[in-house]
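Numbering (my numbering), first residue to last: 30 to 524.
Structure first, then comments.
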Ligand code: NAD
């Protein structure tokens, strides 16, 4: 099968997009590396505080006119953006694969999920409607309007370079705010391309800005007096810092953190379809998903069921085609970079040292077309895993499945709830009763019933609990509309 063309052909310098202009940063420059072959494909700046200030100033200056633009007119810019995103669908997807490593189909899924957020935000005239009660006292009416606040900062992680800023940005601008986006500096090209399309869609200068960089920019956003709030998606330690920082500077914040998701298998599940769902959950995106399956809990004492289930899972995982994500026949790409791969390898070693049994070892895996083994790891499956092992407790962020056995569903739910995380747990069963108990008792923001990747659609909030989420309102859908607006209540009478 043909390998698709790489969209980034020469080493490309990423610029900031401020006030509708593409500007070079004066900050130090980092390499952007393609994880497939470790080749440098770009240069990205670590922007300075002054450059952040310029972007915030542009966003602040754009705010009065933008918030005065009627919502249906604001929506028209988003409709235009949606058209351009569709026209550039394949290129956007190939950029994600080249900078991140994921397979082209995974990238297409990411592009689609990102666009869906733009589509939902196009309905802003209905979404932003307030509430009204007439005659709260004789001759008096009371109503609520959802008013925008000003400039918002949006900070993205490396694992969904295109989609995740779109969990926030379309809602922020649709409601009349302006934004400064800081992509992960490991994968800056998707947001660069998106900003090019924003520019082509004709958004007024300063409404949508992109400032590349790292913690300097993030800390600058937390401290900036003109920024009203932040949305952050990334690891738990950083999410915690951002949540606390925004508390200190009185900013509203959504801080989505890391995960360790449990997939609970009941003996009455549909084995074939369950294994197919687990396959994409644990190994899709090379395990680098906040909603990836991490721990597999098999319920019941039926050894025959257990052995058969695991044999089939291992057999399927062994057949997985690993290689260049731009090859349509490839099912799993590399880990994003060498350091991340090293981290996953250390977890695999720790699992062995702590006494888990390796059913499938993904180290030294065979790679299609013999690409040099820079960042690849194949599916790895451990059994006899205990909850106190590091591989069961900590986020690995790689294609590693840790399998545990328990006697009954109560025990399985107890184990899920002992985790510090609560992002996307799922049960596989034919029993409505078991499903209901799981849904009711499990402490997880997103819950799957016979679904392995519990990613909420754009019109639902992207939830999370415990150390997977700090905040009140979530990104996406109506929650995002509430987050990006203040409720202004008017009590009115006329003499
Ligand atoms: P990360 O926390 O390292 O980085 C996220 C962002 O924060 C990046 O833009 C980065 O430049 C910035 N950053 C990094 N360190 C910082 C610091 N010390 N101070 C300020 N800013 C800092 O996360 P990552 O490795 O890019 O992404 C993977 C993590 O994101 C995983 O833990 C994954 O579970 C999580 N994630 C969560 C969700 C969710 O919805 N809960 C979704 C996707 C990813």
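No residue lacks a Cβ here, since even glycine has one placed at the ideal position from N, Cα and C.
Of the residues 306, 448, 246 and 355, the one whose Cα lies closest to the Cα of residue 341 is 306. Residue 356 and residue 64 do not touch by the CB rule: their CB atoms are close to 14 Å apart, not below 8 Å. Per DSSP, residue 400 is not a residue of any alpha helix (DSSP H), being assigned neither H nor E.
Here the alpha carbon of residue 75 sits roughly 19 Å from the alpha carbon of residue 223. Rounded to whole angstroms, the separation of the alpha carbons of residue 399 and residue 349 is 15 Å. In this structure residue 129 is buried. Its beta-carbon is surrounded by 16 or more other beta-carbon atoms within 10 angstroms. Collapsing the DSSP output to three states places residue 380 in a helix. Judged by beta-carbon spacing, residue 428 lies beyond the 9 Å limit of residue 291, meaning their Cβ atoms are not closer than that value.
For residue 523, the secondary structure class from DSSP, reduced to helix, strand or coil, is coil. Secondary structure note for residue 237: its beta strand (DSSP E) is the uninterrupted segment 237-239.
For residue 289, no beta strand (DSSP E) encloses it, and the DSSP letter there is neither H nor E. With a cutoff of 8 Å, residue 266 counts as near the ligand NAD, since its C-beta is closer than that to a heavy atom of the ligand.
Of 123, 121, 107 and 122, the smallest CA-CA separation from residue 147 is found for 107. If you ignore the 5 residues before and after residue 92, its C-beta comes within less than 6 Å of the C-beta of 179 and 207, all in its own chain and listed in chain order. Here the alpha carbon of residue 415 sits roughly 10 Å from the alpha carbon of residue 444. Short of 6 Å from the beta carbon of residue 519, and not among the five residues preceding or following it, lie these beta carbons of its own chain, in chain order: 172. With at least 16 other beta carbons inside 10 angstroms of its own, residue 473 counts as buried. In the DSSP secondary-structure assignment, residue 59 is bridged to 73. In the three-state scheme derived from DSSP, where H, G and I count as helix and E and B as strand, residue 415 is classed as coil. Taken atom to atom, the span from the alpha-carbon of residue 217 to that of residue 202 is near 21 Å. Under the three-state reduction of DSSP output, residue 357 falls in the coil class, being neither helix nor strand. Residue 457: member of the beta strand (DSSP E) spanning 453-457, first to last residue.
For a cut-off of 8 Å, the C-beta gap from residue 438 to residue 339 is around 19 Å, too long to register as a contact. Annotated as distal: residue 231 and residue 211, with beta-carbon spacing of 9 Å or more.
For residue 101, the enclosing alpha helix (DSSP H) has its first and last residue at 100-116.
Distance from the C-beta of residue 452 to the nearest heavy atom of the ligand NAD is below 8 Å. By the CB criterion at 9 Å, residue 459 and residue 331 fall outside the cutoff. Taking the CA atoms as reference points, residue 394 sits about 6 Å from residue 406. In its chain, beyond the 5 residues on either side, 323, 324, 325, 380, 385, 411, 414, 418, 420 and 421 have a beta carbon closer than 8 Å to the beta carbon of residue 431. Pairing residue 278 with residue 269, the inter-Cα distance amounts to about 14 Å.
Distance check between residue 345 and each of 389, 181, 163 and 78 places 389 closest, using alpha-carbon atoms only. In this structure, residue 213 has its CB closer than 8 Å to one or more heavy atoms of the ligand NAD. In this structure, the C-beta of residue 404 stays at least 8 Å away from each heavy atom of the ligand NAD. Judged by DSSP in its simplified three-state form, residue 199 adopts helix. For residue 49, no beta strand (DSSP E) encloses it, and the DSSP letter there is neither H nor E.
In the structure shown, residue 432 adopts extended strand secondary structure according to DSSP, grouped into three states.
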